[in-house]
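Each residue of the sequence shown is one higher than the last, beginning at 10 in the working numbering. Note that CB positions come from ideal geometry on N, CA and C, so glycine has one too. One structure is given here, and the rest of the page talks about it.
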Amino acid sequence: TSSAEVKENRNIGNLEDHPISSNERARGGTPSSKRKRPLEEGNNGHFCKLQLIWKKVSWSVTPKNALVQLHELKPGLQYKMVSQTGPVHAPVFAVAVEVNGLTFEGTGPTKKKAKMRAAELALKSFVQFPNACQAHFAMGNCISPSTDFTSDQADFPDTLFKEFEPSTHSEDFSVYNPVNNELLSTAYRHGRLLCHTLDLMGHGKQNKHKMASKAESEKNPVVLLNELRSGLRYVCLSETMEKQHIKSFVMAVRVDGRTFEGSGRSKKLAKGQAAQAALQALFNIRLPSHIPSRSKCHHLPQDFADSVYQMVAQKFQELTDNFTSMHARHKTLAGIVMTKGLDIRQAQVIVLSSGTKCINGEYINDQGLAVNDCHAEIVARRAFVHFLYSQLELHLSKRREDWERSIFVRLKEGGYRLRENILFHLYVSTSPCGDARLNSPYEITTDLNSSKHIVRKYRGHLRTKIESGEGTIPVRCHNAAQTWDGVLLGEQLITMSCTDKIARWNILGLQGALLSSFIEPMYLHSIIVGSLYHTGHLSRVMSHRTDNVGQLPSSYRRNQLLLSGVSHADARQPGKSPSFSVNWIVGHADLEVINATTGKRTCGSPSRLCKHMFFTRWAKLHGKLSTRISSHGDVPSVYSEAKLVAQTYQSVKQQLFKAFQKAGLGTWVKKPPEQDQFLLTV
């Protein structure tokens, strides 16, 4: 059916070359002598040309059915018969079609109508124009009027299809701008009269679109989202009783592989919040009448997030010889990308890492020569600290051009701060271990309700990693101290989860205690998660758990991360997690490989990311660079004492730990103090 309809108007492009036949004149109902007269009088026959062109334009924009429009945008689609239900005299057919990874199912009394309905649903999800011709013009593809949109030979690139997908954009990051009506006029260079006619048509349509957008803005977010993505199912994640017997509900909905959450005093309000979160993240639609959620989270533009993910993946592919290296195997990949604003053209991958294991307790080192935590996110942060040292060391140079290459500028009052508009984005291939991963209902199923009491009990709780395996457990005791001899005698070495460490970075910054002597706190701008991603919960555990941390000193803040998933994440690699971790830092040619069990390089030497290496670099900068803290006396020779130099950092850290305890989320577990009591050896 569709191929016959596609070929129907194939000869439209020949209008200019062939005169109108007598049969066509007869159908028009006007004598041929009357139609010829204007061609003989004045204007050198331009009016005739105008009529022919105008007729062709009007034909080319004639609305086509959904099958034809979908075929134009994505030829070669396969429609599959799914089911046939109902009695023999009134059957109901179901036909499905897969478009760009999404399946759309239509039903109807005949196979043809079911097929048409499936095509309509597919089109409605990404085309917002009456017909394909207008869509091409609105996207800026100014195709000449002789182009036959219905030709089987029309070759539209696959990227065109993706252009119709809704996407969010910020002021700093724009991919394309829709063309205005003047481009319609310039596409047809056949005289002023026709241009004016087309422009008037354009203005009329603009007013119609304004009325439509006004009507859309008055719609309920649930209704609007259902129009864009039909067949969605909302699930109640929790139902709690607040003060004075007021209930609070949390509803979630899964759209395009991503889960969105909303809360409210009724299920209806909570559904509206979830729908609004999806509309804003996926379609950049914000309804003015909609009440913003108290627990709303901020979203990164989807196209920007996808670009960050692609940059990290491509860099890792390059460093592992197209994934052929033995060290390309990983369960979790992380990377930090530096941008100026949200301009992806100036983006640069600065660190990469992989890993899912921690050091075995028997290899704990009292000289700071081992890396305790080799999870990808944590190694990425340590690699980032290495990068910060390199940027500060540029200020040791006497050449001005070296200072200007640094991301830091010197402050008059002492110390350094980050240059304006420089942002850092963390990509992690899977949700960070701990509460973010455990309680993210990334798969909304009926089974979730049966285990809701487990989820509720430890929701938001601090968690620790398992020494000789994967996964996390809630912190068990109020005594947060581990002992050196206890660990050596076989007690498990306890390490806080990645979720909790990222929440800590959102208050203290990424730079750590040592670098706080020189630079202001540095925060991530966004986190992009590849899989096991849940919008509302990730925001809650990263930021909202620290709502009650209290007033913070100047330059410290409660950092509000922008969050995003990715459109098409790589499939997670099956099999056992490798026992190594790799890291790469911009300016270095090769990957460094760390044995996650021992915390040292595979050759046995210490990693460039260990505490001892950082302490050595810090000591070389101390006394030579301007500091934020007035120094008294010589450089501290013990690592633990050097960390205490940044007193404000230490007080904010204690403030954070007390906030966790006060909220009933558990006690932060510290490593044995002996591991930080090593001397600096040059």
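*Give the straight-line distance between the Cα atoms of ARG566 and GLU107, rounded to the nearest whole angstrom.*
47 Å
*asked:* Just verifying my parser: in three-state terms, what is the DSSP assignment at LYS349?
replied: Three-state DSSP puts LYS349 in a strand.
*When DSSP labels each residue in this structure, what does PRO483 get in the three-state scheme?*
strand
*Figure out for me which residue from ALA580, GLY608, GLY574, ARG554 has the closest Cα to the Cα of ASN568.*
ARG554
*Can you give the Cα-Cα distance for LYS474 and GLY608, rounded to whole angstroms?*
16 Å
*Expressed to the nearest angstrom, what Euclidean distance is found between the alpha-carbon atoms of GLY584 and GLY469?*
Between the C-alpha atoms of GLY584 and GLY469 there is a straight-line separation of about 29 Å.
*Counting Cβ pairs, one atom from each stretch, are 3 or more of them under 8 Å apart for the segment 227 to 244 and the segment 260 to 267?*
yes
*How is GLY495 classed by DSSP in three states: helix, strand or coil?*
helix
*Inspect the CB distances between the segment 391 to 404 and the segment 349 to 356 and report whether three or more fall short of 8 Å.*
no
*Per DSSP, which residues does GLY117 bridge with? Please list them.*
PHE102
*Identify which residue in LYS366, ARG419, SER257, LEU533 has its Cα closest to the Cα of TYR436.*
LEU533
*Please classify MET531: does DSSP put it in a helix, a strand, or coil?*
coil
_Are the CB atoms of SER573 and PHE292 within a distance shorter than 9 Å?_
no
_Below 8 Å on the Cβ atoms is my contact criterion, and I expect TYR425 with PHE527 to pass it. Report the Cβ-Cβ distance as a whole number of Å._
6 Å
*Compare the beta carbon distance of TYR648 and LYS620 with 9 Å and say whether it is the shorter of the two.*
yes
*So ALA589 packs on ASN604, CB below 8 Å; how close in whole Å?*
The sequence shown places Phe at residue 589, not Ala. PHE589 to ASN604, Cβ: 6 Å. Contact.
_Considering only the alpha carbon of each residue, which of GLU114, ILE359, GLN491, VAL388 lies closest to LYS680?_
Closest in alpha carbon position to LYS680, among GLU114, ILE359, GLN491, VAL388, is GLN491.
*Tell whether a beta-carbon distance below 9 Å holds between LEU519 and VAL394.*
yes
_Backbone secondary structure at ASP315 - three-state DSSP_ = In this structure, ASP315 counts as helix in the three-state DSSP scheme.
*Output the distance between the C-alpha atoms of GLY596 and MET505, rounded to the nearest integer angstrom.*
Each residue's alpha carbon lies about 31 Å from the other.
*asked:* Whole angstroms are fine: how far does the CA of THR112 sit from the CA of LYS277?
replied: Each residue's alpha carbon lies about 27 Å from the other.
*Just reading off the alpha helix (DSSP H) that THR94 is part of, what are its end residues?*
Here THR94 belongs to no alpha helix (DSSP H); instead the beta strand (DSSP E) covers 88 to 94.
*Give the C-beta separation of THR676 and VAL484 to the nearest angstrom, bearing in mind that I take them to be a contact with Cβ-Cβ under 8 Å.*
6 Å
*Exposed unless 16 or more other CB atoms sit within 10 angstroms - verdict on CYS612*: exposed
*Using only alpha-carbon positions, find the residue among LYS124, LEU86, LEU130, SER540 that is nearest to SER92.*
LYS124
*Hey, which unbroken runs of the beta strand (DSSP E) at 3 residues or more fall wholly within the segment 555 to 636?*
571 to 573, 589 to 594, 601 to 604
*Which runs of the alpha helix (DSSP H) spanning at least 4 residues fall entirely within the segment 375 to 410, listed in chain order?*
Fully contained in the segment 375 to 410 are the following alpha helix (DSSP H) runs of length 4 or more, in chain order: 385 to 402.
*How about LYS120 and VAL104: do their beta carbons lie closer than 9 Å?*
yes
*Between the Cα of VAL558 and those of ILE516, VAL538, LEU571, spot the shortest distance and give me the residue it belongs to.*
ILE516
_Counting only beta-carbon separations shorter than 9 Å, does VAL101 have a partner in chain C?_
No chain C is present in this structure, which holds just one protein chain.
*asked:* On a Cα-Cα basis, can you pick out the residue from MET335, VAL360, LEU378 that is closest to LYS324?
replied: VAL360
_Limits of the beta strand (DSSP E) - the one that THR268 falls within_ = Note, THR268: beta strand (DSSP E), 267 to 273.
*asked:* Could you pull the DSSP bridge partners for ALA343 from this structure?
replied: SER362, VAL437
*Given that a residue counts as buried once 16 or more other Cβ atoms are within 10 Å of its Cβ, and exposed if not, what is VAL388?*
With 16 or more other Cβ atoms inside 10 Å of its own Cβ, VAL388 counts as buried.
*The beta strand (DSSP E) with VAL418 in it runs from where to where?*
VAL418 -> beta strand (DSSP E) spans 417 to 419.
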